[in-house]
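Taking it in order: structure first as structure tokens, then the write-up.
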Amino acid sequence: MKGYMYILRCSDGSYYTGSTNDLERRLWQHQNGEGASYTRKRLPVELVYYEEYERMDEAFCREKQVQGWSRKKKEALINGCFEDLPALAKKIWKK
185 MKGYMYILRC
195 SDGSYYTGST
205 NDLERRLWQH
215 QNGEGASYTR
225 KRLPVELVYY
235 EEYERMDEAF
245 CREKQVQGWS
255 RKKKEALING
265 CFEDLPALAK
275 KIWKK
């Protein structure tokens, strides 16, 4: 079963990352207050990025990966700046 990892931009400018096997239905749910409680409080939402996978478990794994990313790294992905992703993954440790 196909799966999708997606990123929504919420009305407050924040991002929500999720996964689903039916992207159109899930977007409808989010827009109509039937999605996650996070998006329910931040309507309307806009789909700004998605990836399609052959299997739902792959989409879910990708969702969990992207959820851990910084805002700047998510924005690089959304904007197609894939060459910037490795540098944005590096953490600067302060002593």
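In the numbering used here, the protein residues as written are 185 to 279.
All C-beta atoms in this analysis are idealised placements derived from N, C-alpha and C, irrespective of residue type, glycine included.
Glu191 - partner residues in DSSP beta bridges: Counting from one through the sequence shown, the residue named residue 191 turns up at place 7. Reading off the sequence shown, one finds Ile at residue 191, where the question assumed Glu. Answer is Thr201 and Tyr233, bridged to Ile191.
From this set, Cys194, Lys186 and Gly202, which residue's C-alpha is nearest Glu247's C-alpha? The residue given as residue 247 occupies position 63 in the sequence shown. For Glu247, the closest of Cys194, Lys186 and Gly202 by C-alpha to C-alpha distance is Gly202.
Could you have a look at Arg209 and say whether DSSP puts it in helix, strand or coil? As a working mapping, residue 209 is identified with position 25 in the sequence shown. Reduced to three states, the DSSP call for Arg209 is helix.
Taking the beta carbon of Lys258 as the centre, do at least 16 other beta carbons fall within 10 Å, making it buried, or is it exposed? Here the question's residue 258 lines up with position 74 in the sequence shown. Per the 10 Å Cβ criterion, buried.
Assuming Tyr222 and Tyr200 form a contact by the criterion Cβ under 8 Å, report the distance between their Cβ atoms to the nearest whole angstrom. The sequence position of residue 222 within the sequence shown is 38, counting from 1. The sequence position of residue 200 within the sequence shown is 16, counting from 1. Indeed, because the Cβ distance is near 6 Å, the residues count as touching under 8 Å.
With 9 Å as the threshold, decide whether the Cβ of Leu272 is near any Cβ in chain D. No chain D appears in the structure shown, which is made up of a single protein chain.
For Met185, the three-state DSSP class (helix, strand or coil): As a working note, residue 185 is residue 1 in the sequence shown. Collapsing the DSSP output to three states places Met185 in coil.
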